[in-house]
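Report on the structure given below.
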Amino acid sequence: MVQNHEIEKRPRGRPQIRCDDDTRNVIIEAANRQFHESGYAAASIAAIAQDAGVSTKTLYRLFPTKADLFSEMVTERTGRFLMALDPGTLAVADLRQGLERMLTAYGMLALSLDTITVTRLVISESDRFPEIANSFYEKAIVRTNTLMEDWLRRQIERGLITLNDPHAACGMLRGMMIMEPQRAAMLRQEPPPKIDAIAARAKMCTDLFLKGCAL
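Just so you know, UniProt numbering puts 98 at position 98 of the sequence shown, and the rest follows in order with no gaps.
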């Protein structure tokens, strides 16, 4: 029997090489999809690797455990918020402009469908997997709160506002900005607000907060 050698031929050449940073980003996006679709417990490393187009060996080299992968996913999402608030830009902004800008960026992070979905996942599975609650709290809540609280403290040092407890005030400010619309979205009573609604809420929260702590 004559074999068809043309069919057996494979293209030659050096395979594309992707740096670890790019590979990590692809894996994180695949993990995000798998966690959203299947939840944390049901999402498998094999499925994430297949979705990302990498071997499980490569995935485990970059992320030794599924908890590490989840933690990095949350870190990456929070990093977008931190990048949106360039410290240099905030430092030269006036009080109202800086606060409104910060609240708008925070609202876009916390009220996005992605964040709301992850928050539901954490709440539903944290009893079985407390490590994901710890990651979410440290990498998302604490990181964003630290940035916002530091900004408030700088405004106090500049003599622009007065606050007896900046940490508590920051928590109240964050709650005023996102609690009601986030709760409605998490309970599927309302869709996550769009950018115009987030910007309008940031403006209203800025007005209320500054009236409460004005000198």
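Don't be surprised by glycine CBs; every beta carbon is placed ideally from N, CA and C.
Sequence-distant residues of the same chain with beta carbon closer than 8 angstroms to residue i, five excluded per side
i, result
"LEU85", "ARG101, MET102, ALA105, LEU147"
"LYS203", "GLU100"
"ILE28", "LEU69, GLU72, MET73, GLU76"
"SER55", "ALA49"
Buried versus exposed call for residue i [16 or more other C-beta atoms within 10 Å across all chains shown]
i, result
"LEU109", "buried"
"MET179", "exposed"
"GLU37", "exposed"
"LYS211", "exposed"
"VAL92", "exposed"
"ALA52", "buried"
"PRO166", "buried"
"residue 249", "Because the chain is modelled from 1 through 215, residue 249 falls outside the range shown and cannot be assessed."
"LYS139", "buried"
Sequence-distant residues of its chain with Cβ nearer than 7 angstroms to residue i (five each side left out)
i, result
"ILE123", "none"
"MET177", "LEU103, TYR106, GLY107, ARG201, ALA202, CYS205"
Cβ shell of residue i (< 6 angstroms), same chain only, five flanking positions each side left out
i, result
"ARG143", "THR78"
Rounded distance between the beta-carbons of residue j and residue i, thought under 8 angstroms
i, j, result
"ILE132", "MET186", "Incorrect: roughly 16 angstroms between the Cβ atoms, too far for contact."
"LEU111", "PRO181", "6 angstroms"
| query | If you pair each beta-carbon of the region 75-82 with each one of the region 36-51, do three or more pairs fall below 8 angstroms? | reply | no
| message | For the region 55-72 against the region 159-175, do three or more pairs of beta-carbon atoms, one drawn from each stretch, fall closer than 8 angstroms, so that the two count as touching? | response | no
| query | When the Cβ atoms of the region 181-197 are set against those of the region 124-133, are three or more pairs found closer than 8 angstroms? | reply | no
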